[in-house]
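Participant: Supplied in structure tokens, the structure appears directly below.
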Amino acid sequence: MSLLTVNKLTSSVGAEVRGVEPERLVDDDHLGAAVLEALEDNGVLVFRDLQLEPRDQVAFCGRLGSVDFSSDGHHEVAGIYPITLNTAKNSAASYLRATFDWHIDGCTPTGDECPQKATVLSAVQVAERGGETEFANAYAAYDALTDDEKQRFGSLRVVHSLEASQRRVTPDPTPEELARWRARPTHEHPLVWTHRTGRKSLVLGASADYVVGMDLDDGRALLAELLERATVADNVYRHKWSVGDTVIWDNRGVLHRAAPYDPDSPREMLRTTVLGDEPIQ
């Protein structure tokens with residue numbers, strides 16, 4: 001008998017989990033494995049009106065893997081990072097504007113860290129307009145390629161940078177902004193990620209700057225085309241937030257972005273990140 005009641009939200013990505021109380025996420029020794037299995041199958045899991053407390057969110061994430069505590073100091077609960085454009089609550093709020101573009105977290109780490117395994121968001125306050133979060137299935141995006149494309153793209157490598165993602169929202173940066181962006185090292189990743197499971201996905205998004213060995217404009221045009229194909233409506237789940245919702249996604253196989261919202265909006269999400277242990281290869 002399954003430990004979870006899961007109902008698909010689209011044919012490609014996203015499923016709602018019903019009948020799970022917050023206490024079970026923290027106390028049930030077997031639930032973590034069931035959640036990870038459902039996440040592998042669906043990419044995104046939605047727990048509507050879960051009302052998960054921050055400490056319980058961190059404890060739950062600890063059942064899925066190692067929790068990222070590197071953002072300590074942003075919130076009174078270690079392991080919680082507030083997603084808000086309010087600089088009083090998050091001093092790095094200006095960087096979060098780049099989340100309005102499709103991306104995979106962890107493609108431009110400060111060192112050799114692997115992309116995050118999973119991310120959990122819980123809604124504290126929501127935007128009056130906008131602020132939905134969209135998810136696109138990067139596995140399905142690869143599967144939809146033709147056999148010829150799979151062969152051609154399988155050997156391509158792409159350089160990812162913080163500058164590429166930040167220039168999308170700040171196209172005319174100050175010298176100080178540019179210096180901060182360029183202080184983060186660039187990373188070269190394969191366009192096609194072959195996972196330990198044998199599944200393959202496309203590594204795309206705002207941080208993808210150019211294709212190694214291709215004409216700059218041609219490479220960027222290819223990346224834009226593939227991103228457009230990966231994020232067609234049939235391959236996307238769009239979550240309209242309500243206060244108390246919790247959503248978890250497989251960061252390794254799912255692209256995501258936030259829909260733009262008013263910079264003065266009270267929208268606030270609490271994020272906990274499960275660290276990755278699988279490099280892009």
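Numbering (UniProt numbering), first residue to last: 1 to 281.
Quick reminder that beta carbons are idealized off the backbone N, C-alpha and C, glycines included.
1) Could you give the DSSP three-state label for glutamate 113: helix, strand or coil?
2) Is the Cβ-Cβ distance between valine 13 and valine 6 less than 8 Å?
3) I'd like the list of long-range same chain contacts for glutamate 188, defined as Cβ closer than 6 Å, with 5 residues on each side in sequence excluded.
4) Rounded to whole angstroms, how far is the Cβ of proline 260 from the Cβ of leucine 85, which I believe are closer than 8 Å?
5) Going straight from the alpha carbon of leucine 204 to that of isoleucine 104, what length do you get?
6) Mind checking if glutamate 37 is an interface residue toward chain B, Cβ cutoff 8 Å exclusive?
7) Note the first and the last residue of the continuous alpha helix (DSSP H) segment covering arginine 257.
8) Starting from valine 58, follow the alpha helix (DSSP H) in both directions and report where the run begins and ends.
9) Whole angstroms is fine: what's the gap from threonine 99's alpha carbon to arginine 24's?
10) Tell me which same chain residues have a C-beta within less than 6 Å of the C-beta of glutamate 134, skipping the five on either side of it?
11) What residue range is occupied by the uninterrupted alpha helix (DSSP H) comprising glutamate 228?
12) In angstroms with no decimal places, state the Cα-to-Cα distance between valine 254 and histidine 30.
13) Express the C-alpha separation of proline 115 and glutamate 278 in angstroms, rounding to a whole number.
14) Helix or strand or just coil, what does DSSP make of arginine 167?
15) Please classify serine 133: does DSSP put it in a helix, a strand, or coil?
16) For aspartate 101, name the three-state secondary structure that DSSP assigns.
17) Which of the three DSSP states is assigned to glutamate 37 in this structure?
18) If you scan the stretch 2-37 from start to end, which runs of the alpha helix (DSSP H) of 4 or more residues do you find wholly inside it?
19) Locate the alpha helix (DSSP H) running through alanine 179, then write down its first and last residues.
20) On the criterion of 16 or more Cβ atoms from any shown chain inside 10 Å, does valine 243 qualify as buried, or is it exposed?
21) Which residues in the same chain have their Cβ closer than 8 Å to the Cβ of methionine 1, if we skip the five residues on either side of it in sequence?
22) Grab the span of the beta strand (DSSP E) containing tyrosine 142 for me, first residue to last.
23) Please look up how many angstroms separate the CB atoms of leucine 270 and proline 54, rounded, as I've assumed it's under 8 Å.
24) Could you round the C-beta distance between alanine 118 and isoleucine 280 to whole angstroms and report it? I think they count as a contact, below 8 Å.
25) Once DSSP output is grouped into helix, strand and coil, what is the label at aspartate 147?
26) Can you name the start and end residues of the beta strand (DSSP E) that threonine 87 belongs to?
27) Give me, in chain order, the residues of the same chain whose beta-carbon lies closer than 8 Å to that of threonine 108; leave out the 5 immediate sequence neighbours on both sides.
Facilitator: The short version:
1) Sequence index remark: in the sequence shown, residue 113 carries index 113 (1-based). Three-state result, glutamate 113: coil.
2) Against the sequence shown, residue 13 aligns to sequence position 13. Against the sequence shown, residue 6 aligns to sequence position 6. No; because the gap between Cβ atoms is not below 8 Å, this pair is not in contact.
3) To locate residue 188, count along the sequence shown from 1; it is residue 188. Arg157 and Val159, listed in sequence order.
4) The residue labelled residue 260 in the question sits at position 260 within the sequence shown. The residue labelled residue 85 in the question sits at position 85 within the sequence shown. With a Cβ gap of about 10 Å, proline 260 and leucine 85 do not count as contacting.
5) One-based indexing of the sequence shown puts residue 204 at position 204. One-based indexing of the sequence shown puts residue 104 at position 104. Roughly 7 Å separates the two Cα atoms.
6) Of the chains in the structure shown, none is chain B; there is only one protein chain.
7) Here residue 257 is taken as the residue at index 257 of the sequence shown, counted from 1. Counting along the chain, arginine 257 falls outside any alpha helix (DSSP H), though it belongs to the beta strand (DSSP E) covering 254-258.
8) To locate residue 58, count along the sequence shown from 1; it is residue 58. Per DSSP, valine 58 belongs to the alpha helix (DSSP H) from 54-62.
9) Start at 1 with the first residue of the sequence shown, and residue 99 comes out as number 99. Start at 1 with the first residue of the sequence shown, and residue 24 comes out as number 24. Threonine 99 and arginine 24 have their C-alpha atoms roughly 31 Å apart.
10) Locating residue 134 in the sequence shown gives position 134, where the first residue counts as 1. Taken in chain order, the residues that qualify are Val236, Arg238 and Arg257.
11) Here residue 228 is taken as the residue at index 228 of the sequence shown, counted from 1. 216-230 is the span of the alpha helix (DSSP H), which, as asked, contains glutamate 228.
12) Residue numbering aside, residue 254 sits at position 254 when the sequence shown is read from its first letter. Residue numbering aside, residue 30 sits at position 30 when the sequence shown is read from its first letter. Roughly 25 Å separates the two Cα atoms.
13) On the sequence shown, position 278 is the one that residue 278 refers to. On the sequence shown, position 115 is the one that residue 115 refers to. One alpha carbon belongs to glutamate 278, the other to proline 115, and they sit about 7 Å apart.
14) The residue you call residue 167 lines up with position 167 of the sequence shown. Here arginine 167 sits in helix by DSSP.
15) Sequence index remark: in the sequence shown, residue 133 carries index 133 (1-based). The question names serine, yet the displayed sequence has threonine at residue 133. DSSP places threonine 133 in the strand class (E or B) of the three-state scheme.
16) Here residue 101 refers to the residue found at position 101 of the sequence shown. Looking at aspartate 101 - three-state DSSP - the assignment turns out to be coil, as it is neither helix nor strand.
17) As a first step, residue 37 is located in the sequence shown; it is residue number 37 there, counting from the start. Helix.
18) 22-27
19) The sequence position of residue 179 within the sequence shown is 179, counting from 1. 175-183 is the span of the alpha helix (DSSP H), which, as asked, contains alanine 179.
20) Mapped onto the sequence shown, residue 243 falls at position 243. It is exposed - the Cβ of valine 243 has fewer than 16 other Cβ atoms within 10 Å.
21) The residue you call residue 1 lines up with position 1 of the sequence shown. Low confidence applies to methionine 1: its pLDDT is 46, below 50, so where it sits in the model is not reliable, and the reading given next is rough at best. Here the set comprises nothing.
22) Start at 1 with the first residue of the sequence shown, and residue 142 comes out as number 142. Where tyrosine 142 is concerned, there is no enclosing beta strand (DSSP E), although the alpha helix (DSSP H) it sits in stretches over 138-143.
23) Within the sequence shown, the letter at position 270 stands for residue 270. Within the sequence shown, the letter at position 54 stands for residue 54. Sure, about 6 Å apart at Cβ, within 8 Å.
24) Translated into the one-based positions of the sequence shown, residue 118 becomes position 118. Translated into the one-based positions of the sequence shown, residue 280 becomes position 280. Alanine 118 to isoleucine 280, Cβ: 16 Å. No contact.
25) Here residue 147 is taken as the residue at index 147 of the sequence shown, counted from 1. Helix at aspartate 147.
26) For the purposes of this step, residue 87 is identified with residue 87 of the sequence shown, where counting begins at 1. Careful: threonine 87 lies outside any beta strand (DSSP E) and carries neither H nor E.
27) The sequence position of residue 108 within the sequence shown is 108, counting from 1. Excluding positions up to five away in sequence, the list reads His160, Ser161, Leu162, Ser165, Arg184, Pro185, Thr186, His187 and Ser207.
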